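Going by this note's numbering, the sequence shown opens with residue 6, and the numbers climb by one from there. Backbone N, C-alpha and C fix where the C-beta goes; we use that ideal spot for every residue, glycine too. Nothing here was measured: the structure is a model prediction, and the numbers come from that model.
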Amino acid sequence: VNIAILKETKPHERRVALVPSLVPKLVKLGARLHMQAGAGEAIKLADATFKDVAIVKDRHTLVKDADVVLCVQPPALDVIDAMKEGSILICFVYAHKEPALVQRLLDRKITCFAMERLPRITRAQSMDALSSQSALAGYYAVQLGATHLARILPKLTTAAGAIGPAKVLVMGLGVAGLEAIATAHRLGAVVEGYDVRPETKEQALSLGATFVETGVDARGKGGYARELGADEKSKVAAVLTDHIQAADLVITTAAIPGHPSPKLIDKVQVAGMKAGAVIVDLSAEGGGNCEDTVPGETIRVGPVTIVAPLNVPSLLGEDASTLYAKNQFNLLALMLKDNVVTIDWDDEILAGTALTHAGRMMEPKPKAA
Ligand code: NAD
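Printed below as a string of structure tokens:
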């Protein structure tokens, strides 16, 4: 089985879909590996560190004979054109943002597995790139916030007197939010967590945070949240305003699949925040959780700093690549048997993750955002 690994081309994307430690494992499964020259460059992995991998300069030559093409971000259309009919592409797609790519995948009869479609079931956890990348982002949000604060997170006792711990509020307690709680707690902050799914309370408590009770339960389908109604929003705001305005650092991660980011912090709440407070908005990709957020920018609103980075996992490219490549390897291992690719369409992981196959869209169709 010929496997090709592309060099990423999207701006600021530092990740790579193969790391040297996985090469022997893939070779053991019968893979012949080919990688585009310089694919690991952004995380300082020279081509020579990939032993047993053929390095190919031109991306068209690279994918021409590949049975499987691996990358992180969706590739350019000319790559799809150069791929063999019936071959496999595995990467993040977010199909609603990539209509031209999807059409090309259908035209060229490429079987595409979109990493973001992977079912969130126990058996698929080792393949779950959304989770691995979110965990890193949650950790990094605390680091980013700390560097923008003019104060420290832990309590500090000195001969000149004591400084109390910073207050951190984490809003949205999925994978990223829980990792942010754990990180802020480890750094000595006093941490509060908030989510509309009640089951997150116990998780927040187990990581050392307290939980802000709003009395609103917005559990949606498949373990995700649903959008709040107007009444629910004002009920939540009545409770949360005090907590937002008492915090030194607010980290927001709230998301509802297929919808723009819910707005959890409005302009009035920002205006009442402490001088020097920082908001790190991890939902910038979906528009942001704060009304003042400018996706991709760090801005000042009065005495408050709002940091809204895009593609946070890529900022931790080395670890993000290691985990992403392992996620892809585990998915690939479901299809690679006796040196041939066999897709068992009765496997809910493969059927659920597939986006296109043999010129058809797979169900369920991707939701528009
Ligand atoms: P996500 O990125 O979709 O959303 C982040 C969080 O925002 C969620 O906890 C959500 O409840 C919350 N949120 C949405 N609207 C909100 C609002 N108005 N106010 C406050 N919070 C709001 O979440 P995710 O990290 O992808 O995780 C989603 C779910 O999937 C979780 O239940 C998680 O435990 C589950 N999960 C399961 C597995 C598995 O079993 N294999 C793997 C990963 C995640």
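- With contacts defined as CB atoms closer than 8 angstroms, G143 and V180 qualify as a contacting pair.
- Remark: the shortest separation between the CB of V180 and any heavy atom of the ligand NAD falls under 7 angstroms.
- A Cβ-Cβ distance of about 15 angstroms is found for the pair E237 and V217, leaving them out of contact under the 8 angstroms criterion.
- Between the C-alpha atoms of I186 and I311 there is a straight-line separation of about 19 angstroms.
- Using a 10 angstroms sphere on the CB of N344, the tally of other CB atoms stays under 16, which defines it as exposed.
- C-alpha of L320 to C-alpha of L141: approximately 9 angstroms in a straight line.
- Inter-residue distance for L27 and E204 is about 36 angstroms (C-alpha atoms, whole angstroms).
- Counting along the chain, Q41 sits inside the beta strand (DSSP E) bounded by residues 37-41.
- Here P16 is exposed. Its C-beta has fewer than 16 other C-beta atoms within 10 Å.
- For V285 against I256, the beta-carbon gap comes to about 5 angstroms, under 8 angstroms, which counts as contact.
- CA-CA distance, T358 to L210, rounds to 33 angstroms.
- CA-to-CA, the gap between G150 and L111 works out to about 43 angstroms.
- Residue range 172-176 is occupied by the beta strand (DSSP E) that includes V175.
- No Cβ-Cβ contact shorter than 8 angstroms links A276 with G293.
- DSSP, read as helix, strand or coil, puts L212 in coil.
- Excluding residues up to 5 positions away in sequence, L123, P124, I126, R128, A129, M132, L336, L339 lie with their Cβ nearer than 8 angstroms to the Cβ of I354 in the same chain.
- DSSP, reduced to helix, strand and coil, places D247 within a helical segment of the structure shown.
- Look at Y229: its beta carbon is less than 7 angstroms from one of the heavy atoms in the ligand NAD.
- Counting other Cβ atoms within 10 Å of its Cβ, P318 reaches 16 or more and is therefore classed as buried.
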